[in-house]
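Peer 1: Here you go, one structure.
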Amino acid sequence: MYQAKAYSVTSATSPFSSDTIPRRETTGRDVQIEILFCGICHSDLHTVRDEWHSVMPTTYPCVPGHEIVGRVTKVGTEVTRFKAGELVGVGCMVDSDHICPTCQEHLEQFCNNGTFTYNSPDKHGTAPVTYGGYSESIVVDERFVLSVPENLDLAGVAPLLCAGITTYSPIRRWGDIKGKKVGVVGLGGLGHMGVKFAKAFGAHVVVFTTSPGKKEDALRLGAHEVIISTNAEEMQQHAGTFNFILDTIAADHDINAYINMLGRDGNITLVGAPETPLQVSAFALLFGRKSLSGSLIGGIAETQEMLDFCGSHNITSDVEIIPIQQINEAYERLAKSDVKYRFSIDMASLKAE
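Residues in the sequence shown are numbered from 88 upward in steps of one, following our numbering.
Shown next as structure tokens:
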């Protein structure tokens, strides 16, 4: 066991502060990683403030971070896929049981015995719970370590490990969208990645937003059209014309307005998670044989596929790079959606302390 520098919170209302945390020494299948960048996900904010207490209560001290990019510093004797010096990533999971049907199908995100990168019981007993990427280093089973394309900007790669795979997976699963009309609801951390992926797959991409001021940026990111969803006339003009819609909104909203945008056999997939249950009109689905579904990140194999796709198409997240010392300010801004479109922490700033 060794001690690593980190930033943690000690309660739902306390600010982040400098800390040291235990990390296990590398076992046979482990990879030790020097963390270079770590993205800030909105789920970090929810967890830190214990806003998901009824489902996933937070154990303190809490070290968030599941959008990790780093360089391998040490590998265990049984590791075959990585060696010291290579660029790697770690996403939302660091372990699973490896034997259940979902793991056998490379869908580790649905494993009932999975281990999240932070705030999960630590199977190795190094600490009460796992600690995430707001730290100088991490040790992870090689089966949950991903290769990072060397041609991409690393600060922009970090959010791909959550925001990227969260949007890539449902778009990829929907099938061949080349030439199809695809909508993206919302233009935030998830939405802007949805636009980039849909465009790269050859779709005709349309962004739905309540903010006219976001139109120019949506077009810059690759959208072909922008619909102001509060404009009833614009919405009516496009009703019944979409093949697929990716809904990234985490706030309460009228899902039926977007179901009405779908054509026959169209699908709308939720990746945002509103606190209030959505009211769904059965008739909106019945007429047109439309479907409503949800999606949660992706398995390790699919996440690697996503990173390789990003390397081939030069796709990264739009980020604002911050030092770790500005983490409390970043959380205040994140709560106000005041970032385009993700914060990425330069972990070199932690060494300066």
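Even glycine gets a Cβ: it sits at the ideal position worked out from N, Cα and C.
This structure is a prediction, so every number in the text was calculated from the model and none was measured.
Does the beta-carbon distance from A337 to H129 come in below 8 Å?
Peer 2: For the purposes of this step, residue 337 is taken as the residue at position 250 of the sequence shown. For the purposes of this step, residue 129 is taken as the residue at position 42 of the sequence shown. In this structure, H129 lies closer than 8 Å to A337 by Cβ.
Peer 1: Thinking C-alpha only, which one of F169, C249 and E192 is nearest G220?
Peer 2: Here residue 220 refers to the residue found at position 133 when the sequence shown is read from its first residue. Of F169, C249 and E192, the residue nearest in Cα terms is C249.
Peer 1: Give the secondary structure of A91 by DSSP, where H, G and I count as helix, E and B as strand, and everything else as coil.
Peer 2: In the sequence shown, residue 91 corresponds to position 4, counting from 1. The answer is strand: DSSP assigns A91 an E or B state.
Peer 1: Going by DSSP in three states, P208 sits in which element: helix, strand or coil?
Peer 2: Taking the sequence shown and counting its residues from 1, the one referred to as residue 208 is at position 121. It is a strand residue.
Peer 1: Do you know whose CA, among G350, V175 and A171, lies nearest L372's CA?
Peer 2: Your numbering for residue 372 matches position 285 in the sequence shown. Taking only the C-alpha atoms, the option nearest L372 is G350.
Peer 1: Which full runs of the beta strand (DSSP E) of 3+ residues lie inside the segment 143-168, going along the chain?
Peer 2: Correct list: 155-162.
Peer 1: On a CA-only basis, which of S234, E173, V166 and H185 is nearest M393? Give me that one, please.
Peer 2: Taking the sequence shown and counting its residues from 1, the one referred to as residue 393 is at position 306. Closest by alpha carbon: S234.
Peer 1: Roughly how many angstroms lie between the CA atoms of N354 and P361, to the nearest whole one?
Peer 2: In the sequence shown, counting from the first residue as 1, residue 354 sits at position 267. In the sequence shown, counting from the first residue as 1, residue 361 sits at position 274. If you take the alpha carbons of N354 and P361, they lie about 19 Å apart.
Peer 1: Since I315 sits in a beta bridge, which residues does DSSP pair it with?
Peer 2: To locate residue 315, count along the sequence shown from 1; it is residue 228. Note: I315 sits in a beta bridge opposite T296.
Peer 1: Can you tell me where the beta strand (DSSP E) holding T134 begins and where it ends?
Peer 2: Translated into the one-based positions of the sequence shown, residue 134 becomes position 47. Segment H129 to V135 is the alpha helix (DSSP H) holding T134; no beta strand (DSSP E) there.
Peer 1: Which same chain residues, not among the five before or five after E165, have their C-beta less than 6 Å away from its C-beta?
Peer 2: Position 78 of the sequence shown holds residue 165. Around E165: G115 and R116.
Peer 1: Taking 8 Å as the cut-off, decide whether the C-beta atoms of M88 and P109 are in contact.
Peer 2: In the sequence shown, residue 88 corresponds to position 1, counting from 1. In the sequence shown, residue 109 corresponds to position 22, counting from 1. Closer than 8 Å, so yes.
Peer 1: From D334, F329, V232 and L379, pick the residue whose C-alpha is nearest to that of Q391; which is it?
Peer 2: Along the sequence shown, read from residue 1 onward, the residue named residue 391 stands at position 304. Ranking the options by Cα distance to Q391, first place goes to V232.
Peer 1: Taking all protein chains shown into account, decide if P246 is buried (16 or more other Cβ within 10 angstroms of its Cβ) or exposed.
Peer 2: Reading the sequence shown from its first residue, position 159 is the one you call residue 246. When all chains shown are included, P246 counts as buried.
Peer 1: Taking 7 Å as the limit between beta carbons, can you name the residues of its chain near S256, skipping five residues before and five after?
Peer 2: By 1-based counting over the sequence shown, the position of residue 256 is 169. These residues qualify, in order along the chain: S382, I384, G385 and E389.
Peer 1: Based on the DSSP output, what are the partners of H291 in its beta bridges?
Peer 2: Start at 1 with the first residue of the sequence shown, and residue 291 comes out as number 204. Note: H291 sits in a beta bridge opposite K268.
Peer 1: If I measure Cβ to Cβ from E312 and keep anything under 6 Å in the same chain, skipping five residues before and after, which residues do I get?
Peer 2: Start at 1 with the first residue of the sequence shown, and residue 312 comes out as number 225. For E312, where only same-chain residues beyond five positions count, the Cβ hits under 6 Å are V293.
Peer 1: Please confirm if the segment 156-172 is in contact with the segment 186-193, defined as three or more CB-CB distances below 8 Å between the two stretches.
Peer 2: Short answer: they don't touch.
Peer 1: What residues in its chain sit with their C-beta under 6 Å from that of T297, if we drop five residues either side in the sequence?
Peer 2: Position 210 of the sequence shown holds residue 297. Excluding sequence neighbours, T297 sits near S316 and T317.
Peer 1: Would you check if the distance between the CB atom of D182 and the CB atom of K161 is smaller than 8 Å?
Peer 2: As a first step, residue 182 must be located in the sequence shown, where it is residue number 95. As a first step, residue 161 must be located in the sequence shown, where it is residue number 74. No, they are not a contact pair.
Peer 1: Is the separation between the beta-carbon of F329 and that of K268 shorter than 8 Å?
Peer 2: Reading the sequence shown from its first residue, position 242 is the one you call residue 329. Reading the sequence shown from its first residue, position 181 is the one you call residue 268. Yes, these two residues count as a Cβ contact at 8 Å.
Peer 1: Write down every uninterrupted run of the alpha helix (DSSP H) in the segment 335-417 whose length is 4 residues or greater and which is fully enclosed by it, in chain order.
Peer 2: Whole alpha helix (DSSP H) segments, 4+ residues: 342-346, 369-373 and 387-400.
Peer 1: Please list the terminal residues of the continuous alpha helix (DSSP H) segment that includes S256.
Peer 2: Sequence index remark: in the sequence shown, residue 256 carries index 169 (1-based). First-last of the alpha helix (DSSP H) with S256: A250 to W261.
Peer 1: Terminal residues of the continuous alpha helix (DSSP H) containing S424?
Peer 2: Start at 1 with the first residue of the sequence shown, and residue 424 comes out as number 337. Taken as a continuous stretch (DSSP letters only), S424 belongs to no alpha helix (DSSP H), as it is neither H nor E.
Peer 1: Can you look up M180 in the DSSP assignment and give me helix, strand or coil?
Peer 2: Mapped onto the sequence shown, residue 180 falls at position 93. Correct three-state label for M180: strand.
Peer 1: D106 lies in the beta strand (DSSP E); which residues open and close that run?
Peer 2: Here residue 106 is taken as the residue at index 19 of the sequence shown, counted from 1. Looking at the DSSP string, the run of the beta strand (DSSP E) that includes D106 is S104 to R110.
Peer 1: T113 and A91 look like a contact to me (Cβ under 8 Å); what is the Cβ gap, rounded to whole Å?
Peer 2: Numbered from its first residue, the sequence shown carries residue 113 at position 26. Numbered from its first residue, the sequence shown carries residue 91 at position 4. In fact, because the Cβ distance is near 13 Å, the residues do not count as touching under 8 Å.
Peer 1: Is the distance from the Cβ of I387 to the Cβ of S224 below 8 Å?
Peer 2: Taking the first residue of the sequence shown as position 1, residue 387 is located at position 300. Taking the first residue of the sequence shown as position 1, residue 224 is located at position 137. Not a contact, by the Cβ cut-off of 8 Å.
Peer 1: Sort M180, K301 and M348 by Cα distance to N199 and report the nearest one.
Peer 2: The residue given as residue 199 occupies position 112 in the sequence shown. Measuring from the Cα of N199, the nearest candidate turns out to be M180.
Peer 1: Taking C-beta to C-beta, are V282 and L308 nearer than 8 Å?
Peer 2: Looking up residue 282 in the sequence shown gives position 195. Looking up residue 308 in the sequence shown gives position 221. Yes, they are a contact pair.
Peer 1: Just mark L277 as buried or exposed, buried being the case when its beta carbon has 16 or more other beta carbons within 10 Å.
Peer 2: In the sequence shown, the residue the question calls residue 277 occupies position 190. It counts as buried.
Peer 1: Taking the beta strand (DSSP E) that P228 falls in, what are its first and last residues?
Peer 2: For the purposes of this step, residue 228 is taken as residue 141 along the sequence shown, with counting starting at 1. Here residue 228 turns out to be Asp, not Pro, going by the sequence shown. First-last of the beta strand (DSSP E) with D228: S224 to D228.
Peer 1: Measure from the alpha carbon of V159 to the alpha carbon of each residue in G152, L123 and D137, then state which is nearest.
Peer 2: Position 72 of the sequence shown, counted from the start, is the residue given in the question as residue 159. The shortest C-alpha separation from V159 is found at L123.
Peer 1: Can you give me the C-alpha to C-alpha distance between C149 and A319, rounded to a whole angstrom?
Peer 2: As a first step, residue 149 is located in the sequence shown; it is residue number 62 there, counting from the start. As a first step, residue 319 is located in the sequence shown; it is residue number 232 there, counting from the start. When rounded, the distance between both Cα atoms is 45 Å.
Peer 1: Excluding the five sequence neighbours on either side, which residues of its own chain have a C-beta within less than 7 Å of the C-beta of D228, listed in chain order?
Peer 2: Taking the sequence shown and counting its residues from 1, the one referred to as residue 228 is at position 141. Answer for D228: R116, D117, V181 and D182, listed in chain order.
Peer 1: Output yes or no for whether 8 Å exceeds the beta carbon distance between G266 and G289.
Peer 2: In the sequence shown, counting from the first residue as 1, residue 266 sits at position 179. In the sequence shown, counting from the first residue as 1, residue 289 sits at position 202. Closer than 8 Å, so yes.
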